[in-house]
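Remarks on the structure that follows.
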Amino acid sequence: KMGFMGAAKINQKDLGVVKDLLEAGKVAPVIDRQYPLSRTAEAFRYLADVHARGKVVITLGENNEN
20 KMGFMGAAKI NQKDLGVVKD LLEAGKVAPV IDRQYPLSRT AEAFRYLADV
70 HARGKVVITL GENNEN
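Quick note on our numbering: the sequence shown kicks off at 20 and runs consecutively.
So, in C-alpha coordinates, the structure goes:
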(Lines of atoms letter the chains of each structure in order from A; the text may use other names.)
(Lines give C-alpha, C1' and ligand atoms only; values in the text may rest on other atoms or scores of the structure.)
Protein backbone atom coordinates (compact mmCIF):
# COMPACT_ATOMS: atom_id res chain seq x y z
CA LYS A 20 0.00 0.00 0.00
CA MET A 21 1.06 3.54 -0.64
CA GLY A 22 0.30 6.59 1.42
CA PHE A 23 0.93 10.28 1.43
CA MET A 24 0.55 13.22 3.76
CA GLY A 25 0.35 16.89 3.10
CA ALA A 26 -1.89 19.66 1.97
CA ALA A 27 -2.79 20.64 -1.53
CA LYS A 28 -4.93 23.15 -3.28
CA ILE A 29 -8.19 21.35 -4.02
CA ASN A 30 -10.47 22.08 -6.95
CA GLN A 31 -13.86 20.72 -8.02
CA LYS A 32 -12.40 18.60 -10.83
CA ASP A 33 -10.02 16.84 -8.43
CA LEU A 34 -12.81 16.28 -5.92
CA GLY A 35 -14.91 14.72 -8.69
CA VAL A 36 -12.10 12.32 -9.58
CA VAL A 37 -11.68 11.30 -5.92
CA LYS A 38 -15.45 10.84 -5.56
CA ASP A 39 -15.53 8.58 -8.61
CA LEU A 40 -12.61 6.50 -7.30
CA LEU A 41 -14.25 6.12 -3.88
CA GLU A 42 -17.59 5.12 -5.38
CA ALA A 43 -15.89 2.59 -7.66
CA GLY A 44 -14.12 1.03 -4.68
CA LYS A 45 -10.69 1.74 -6.17
CA VAL A 46 -9.56 3.69 -3.12
CA ALA A 47 -10.75 3.64 0.46
CA PRO A 48 -9.89 5.67 3.53
CA VAL A 49 -7.76 3.91 6.12
CA ILE A 50 -9.54 3.85 9.47
CA ASP A 51 -7.12 3.45 12.36
CA ARG A 52 -9.64 3.49 15.22
CA GLN A 53 -13.32 4.09 15.91
CA TYR A 54 -14.70 5.58 19.11
CA PRO A 55 -18.30 6.11 20.22
CA LEU A 56 -19.33 9.70 20.88
CA SER A 57 -19.14 9.05 24.63
CA ARG A 58 -15.38 8.38 24.28
CA THR A 59 -14.51 11.46 22.21
CA ALA A 60 -12.00 12.69 24.80
CA GLU A 61 -10.18 9.35 24.58
CA ALA A 62 -10.10 9.65 20.79
CA PHE A 63 -8.48 13.08 21.03
CA ARG A 64 -5.93 11.78 23.55
CA TYR A 65 -5.09 8.98 21.12
CA LEU A 66 -4.53 11.52 18.34
CA ALA A 67 -2.36 13.67 20.61
CA ASP A 68 -0.27 10.83 22.06
CA VAL A 69 0.08 8.42 19.14
CA HIS A 70 0.82 8.85 15.47
CA ALA A 71 -2.40 7.56 13.95
CA ARG A 72 -1.90 5.53 10.80
CA GLY A 73 -5.29 6.44 9.42
CA LYS A 74 -8.48 8.23 10.27
CA VAL A 75 -9.84 8.27 13.79
CA VAL A 76 -13.64 8.09 13.57
CA ILE A 77 -16.24 9.20 16.11
CA THR A 78 -19.42 7.16 15.67
CA LEU A 79 -22.92 8.51 16.34
CA GLY A 80 -26.29 6.92 16.84
CA GLU A 81 -27.54 3.68 18.33
CA ASN A 82 -25.14 0.86 19.15
CA ASN A 83 -22.15 3.19 19.14
CA GLU A 84 -20.76 2.01 22.46
CA ASN A 85 -18.58 -0.74 20.90
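Even glycine gets a Cβ: it sits at the ideal position worked out from N, Cα and C.
Quiz item: Of all the options Thr78, Ile29, Ala43, which has the alpha carbon lying nearest to the alpha carbon of Arg58?
Solution: As a position in the sequence shown, residue 58 is number 39, starting the count at 1. Selected option, being the one with the closest Cα: Thr78.
Exercise. For the alpha helix (DSSP H) holding Lys28, just list the boundary residues, first then last.
Key: As a first step, residue 28 must be located in the sequence shown, where it is residue number 9. Taken as a continuous stretch (DSSP letters only), Lys28 belongs to no alpha helix (DSSP H), as it is neither H nor E.
Quiz item: With DSSP run on the structure shown, which of helix, strand or coil describes Val69?
Solution: Position 50 of the sequence shown holds residue 69. Residue state, collapsed to three classes: coil.
Quiz item: Per DSSP, Pro55 forms a beta bridge with which residues?
Solution: The residue you call residue 55 lines up with position 36 of the sequence shown. Answer is Thr78, bridged to Pro55.
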